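Chemist: Here's a structure for you.
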Amino acid sequence: MKYQYICILAIVAAILTGCGTYSGSIGFENKCDKDLWVAHVEGFKSEPPVGSLRSGLSKYADADSTRIPREVVIHWSYKPNCSDYTAKLLIDDSKMPGKDDKLVFRFTNERKWEASLVR
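If you want it as structure tokens, here you go:
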């Protein structure tokens with residue numbers, strides 16, 4: 001009986017804290033016709049490096065066994081070294097990512113950020 005309570009508490013804690021750990025890659029894609037500057041990204045234990053994100057290009061970095069947050073805030077601008085805008089994204093935690101999966105943040109032609117898990 002005590003073991004069942006511990007299991008239930010562990011499951012509830014995992015649900016409340018996010019998707020679990022992830023060691024795949026985190027990527028940023030710019031599908032817009034303008035260059036971007038991603039100043040910083042809130043939500044991860046270790047902030048993924050981005051900086052300049054040229055039109056039509058992508059940047060990926062390997063994640064060092066990090067927890068995938070339910071919510072990410074991207075601080076960005078069209079000007080270098082600035083943070084004029086923020087985008088709050090909710091990450092679908094119904095699918096547990098594998099080690100070869102990519103968590104992708106994409107800036108679209110409609111000038112909106114999207115998050116997706118690419119297998």
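Each residue of the sequence shown is one higher than the last, beginning at 1 in the working numbering.
The C-beta atom is built at its ideal place from N, Cα and C for all residues, glycine as well.
Computed from a predicted structure; not experimentally measured.
What separation, rounded to the nearest whole angstrom, lies between the Cα atoms of Ala61 and Asp35?
Modeler: Whole-angstrom Cα-Cα distance: 19 Å.
Chemist: Between the Cα of Ser23 and those of Trp37, Ser55, Lys45, spot the shortest distance and give me the residue it belongs to.
Modeler: Among Trp37, Ser55, Lys45, the Cα nearest to that of Ser23 belongs to Lys45.
Chemist: Report the CB separation of Lys102 from Ser25 in whole angstroms; it is logged as a contact under 8 Å.
Modeler: Sure, about 5 Å apart at Cβ, within 8 Å.
Chemist: Residues in the same chain with beta-carbon distance under 8 Å from Tyr85, minus the five sequence neighbours each way, listed in chain order, please.
Modeler: Closer than 8 Å at Cβ, skipping near neighbours: His75, Trp76, Ser77.
Chemist: Excluding the 5 residues flanking Leu89 on each side, which residues of the same chain have their C-beta closer than 8 Å to its C-beta?
Modeler: These residues qualify, in order along the chain: Glu71, Val72, Val73, Ile74, Phe105, Trp113, Glu114, Ala115.
Chemist: What residue from Glu110, Ile91, Asn30 has the CA that sits closest to Ile68's CA?
Modeler: Ile68 has its Cα closest to that of Ile91, out of Glu110, Ile91, Asn30.
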